[in-house]
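Enquirer:
In the numbering used here, the protein residues as written are 26 to 744.
#1: When burial is assigned at 16 or more other CB atoms within 10 Å of the CB, is residue 342 buried or exposed?
#2: With distances taken between CB atoms, is the gap from residue 362 to residue 227 smaller than 9 Å?
#3: Taking DSSP as the reference, what is the three-state secondary structure of residue 154?
#4: From 69, 621, 465, 479, pick the residue whose C-alpha is nearest to that of residue 542; which is it?
#5: Can you tell me where the beta strand (DSSP E) holding residue 299 begins and where it ends?
#6: Using 8 Å as the threshold, is the stretch 480-487 in touch with the stretch 575-594, meaning 3 or more CB pairs across them?
#7: Using alpha carbons as the reference points, say which of 373, 578, 251, 617 lies closest to residue 461.
#8: Taking Cβ to Cβ, would you say residue 235 is nearer than 9 Å to residue 346?
#9: What is the rounded straight-line gap between the Cα of residue 357 and the Cα of residue 247?
#10: Measure from the alpha carbon of residue 260 to the alpha carbon of each residue in 562, 660, 570, 596, then state which is nearest.
#11: Can you tell me which of the three DSSP states residue 527 falls into?
#12: Given this structure, state the Cα-to-Cα distance separating residue 101 from residue 173, to the nearest angstrom.
#13: At the level of alpha carbons, what is the spacing between residue 240 and residue 679?
#14: What residue range does the beta strand (DSSP E) around residue 243 cover?
#15: Keeping to the same chain, check which residues put their C-beta closer than 6 Å to that of residue 42; ignore five residues upstream and five downstream.
#16: In chain order, what residues of the same chain have a beta carbon less than 6 Å from the beta carbon of residue 704, not counting five sequence neighbours either side?
#17: Pull up the distance between the alpha-carbon of residue 252 and that of residue 717, whole angstroms please.
#18: Quick one: what does DSSP say residue 250 is sitting in, helix, strand or coil?
#19: Measure the C-alpha to C-alpha separation of residue 388 and residue 459 and round it to an integer number of angstroms.
#20: Should the stretch 635-645 be regarded as contacting the stretch 175-183, the criterion being three or more beta carbon pairs within less than 8 Å?
#21: I'd like to know whether the C-beta atoms of residue 262 and residue 310 end up nearer to each other than 9 Å.
#22: Can you tell which of 464, 123, 161, 131 has its C-alpha closest to the C-alpha of residue 380?
#23: When DSSP labels each residue in this structure, what does residue 587 get in the three-state scheme?
#24: Please report the straight-line C-alpha distance between residue 701 and residue 200, rounded to a whole angstrom.
#25: Have a look at 353, 98, 527, 476 and flag the residue whose alpha-carbon is nearest the alpha-carbon of residue 581.
#26: Would you be able to state if there are at least three C-beta pairs under 8 Å between the stretch 629-639 and the stretch 122-129?
#27: Which same chain residues, not among the five before or five after residue 237, have their C-beta less than 7 Å away from its C-beta?
#28: Any idea if residue 205 is buried or exposed, counting beta-carbon neighbours within 10 angstroms, 16 or more meaning buried?
#29: Give me the Cβ distance between residue 692 and residue 65, rounded to the nearest whole Å; I'm assuming they're in contact under 8 Å.
#30: Looking at C-alpha atoms only, which residue of 674, 609, 661, 467 is the closest neighbour of residue 625?
#31: DSSP puts residue 288 in a beta bridge; with which residues?
#32: What is the C-beta distance between residue 335 and residue 211, in whole angstroms, given that I count them as a contact (C-beta under 8 Å)?
#33: Exposed or buried, what is residue 165 when buried is set at 16 or more other beta-carbons lying within 10 Å of its beta-carbon?
#34: Mind pulling the alpha helix (DSSP H) runs of 4 or more residues that sit fully within the stretch 250-279?
#35: Of the residues 74, 313, 656, which one's Cα is nearest the Cα of residue 746?
#36: Give the DSSP-derived three-state secondary structure of residue 21 in the structure shown.
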């Protein structure tokens, strides 16, 4: 990429960001858009504007900068606060690295006198390590720089791990009653002994071991049929509410009697008998409700599975039970901490110990194959989307590609946009694979998906583009002179820094501009409100903001830190762009955390060890990259870099030993803190009842069924 294309890319990306920021300032001040720009505040009953609509339009920046960690926790939870620790840590690594690397390495590279080979070096490339000649004593500066980046990373991550550990402990010591802190998940329950049912087996087992602290058990059931009926019932309830809203609207706009809505009951409402929608829905509701009640009782009595949620009368007792080995054999009576009720994946509870292990192995193999075979199209994309390769492979495009304006725009954006679109196709598949492992909670599935996605994008995007882009462009040269492949790679890798700089710039200028302006959610909401939403429930569903989406957001950030670290010494010019990405991200996402996103679960910082490990993985990739690049430079003192990956592995080991156990289990000294009130154990128990097994009469009588359900659970069957 030449300098003009590079500047064009940065300038246009910046202009787009300014435009999107002004759009945000304008649209967010309109009262009708409050549900898009301030949903978190609205759901908490707060005034979006703090009582004033005359505030400075850019006051959101000041609010984000002045907000504290406590503000983030109160509005969006501990997980969000931990994510900002991650952003701050990475920002600190890049800033401290840049303060030394930029003033030292840029002059060292710029004053070197290596002649361009075949015109491959642009003005930007002359600021990189590629401009240093083989065996040059200037390479000592790069060796020292590699050590500096590594030790800065160790220092920042050590402090961050301790801080997150304190955040987690403080949250778990909270005097507030949290149902999951009084429960454990029990899987791999053995065969039921003769003369007992499943509940009696579970109760007897835990009463024997935890006689003083055991409260009650909830045996997991096969809820598939009950859930199917419940979802159908809910569908008719929504349809009935919608029809009633339409009927009420016709009374206001038409005759006093109004027009009752009708629909056809055949395929997709396109064919079949036409019926009165309200009457038909009420008939179906009255028909399905007794059916649901009957199925609930059948499920509770006859569809019990080999898993249970066991409740204790104190969170100290539950924490102790979750950390204890209950059975002699590891494949029976597996006890772990219970996830939050809202993040349970019920269907995975009953998957047996060895089946989970086999599933995990199969998923890892499948994901490894996907990563490997996706490298081929990624490399092809990186090859096809360079102008030289497009001219060679598609010669009929030459007249268009030779137009200066077209050339500049395509060279500035085409490869980056193609890569971003290609990556957007993957996350849902990886989430599906993660849940197929038998993972019991949404938070755990998100962490597993994030890990898979991280390795995918690092191996395919970073390595695929770096190696593929270099080798594809020089394939014919390598065919003629294979012995020059390593030399060509050594020259080509620094040249890819400009691609990654523009990729990072596009991500933070355009990506964060769209994040702040929320144009896509805004357009979708207004279209739904105008053409689809008839009830308050439908309207609320249309503007529901969702959460941060850590399964894709964290790996995306990890790709940027991997790129920034790996090129920080080879081409230090990338560091300011990495700083801009994480700095701007911290600012904009701070605003979104305080006003927009609503967390769908709380894991109290369980994502941090995952983040920490992936940053260290990126650091090892950086160290290996530097080792290989020094070898290409025929620098004898390269052996001095051998200790660095060893230091990184040792650092990871020490951090794991010091901090990780308090993340995998709740420390007893944390769980022993007093609550502000005596917990209502019945409320805690009911919090875990699946929606399809709860008693919900639509008009009245629900309490009677709730009592019956409780009696079933006490007298031998359970939810």
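Glycine included, each C-beta is placed from N, C-alpha and C at the ideal position. None of these values were measured; they are calculated from a predicted model.
Expert: Checking against the coordinates, here is how it stands:
#1: buried
#2: no
#3: helix
#4: 621
#5: In the DSSP annotation of this structure, the continuous segment of the beta strand (DSSP E) that includes residue 299 starts and ends at 299-301.
#6: yes
#7: 373
#8: yes
#9: Looking at the two C-alpha atoms, the distance is approximately 20 Å.
#10: 562
#11: helix
#12: 35 Å
#13: Distance between the alpha carbons of residue 240 and residue 679 is about 39 Å.
#14: 239-246
#15: 534, 538
#16: Cβ contact annotation for residue 704 (same chain, cutoff 6 Å, sequence separation greater than five): 202, in chain order.
#17: So the alpha carbons of these two residues sit roughly 5 Å apart.
#18: helix
#19: 8 Å
#20: A contact exists between the stretch 635-645 and the stretch 175-183.
#21: yes
#22: 464
#23: In the three-state reduction of the DSSP assignment, residue 587 falls in the helix class.
#24: 5 Å
#25: 476
#26: no
#27: none
#28: Buried is the label assigned to residue 205, since at least 16 other Cβ atoms lie within 10 Å of its Cβ.
#29: Rounded, the Cβ-Cβ distance is 31 Å, inconsistent with contact.
#30: 467
#31: 300
#32: 5 Å
#33: exposed
#34: none
#35: Nothing in the structure corresponds to residue 746, since the chain is present only between 26 and 744.
#36: With the chain running from 26 to 744 in the structure shown, residue 21 is simply not present.
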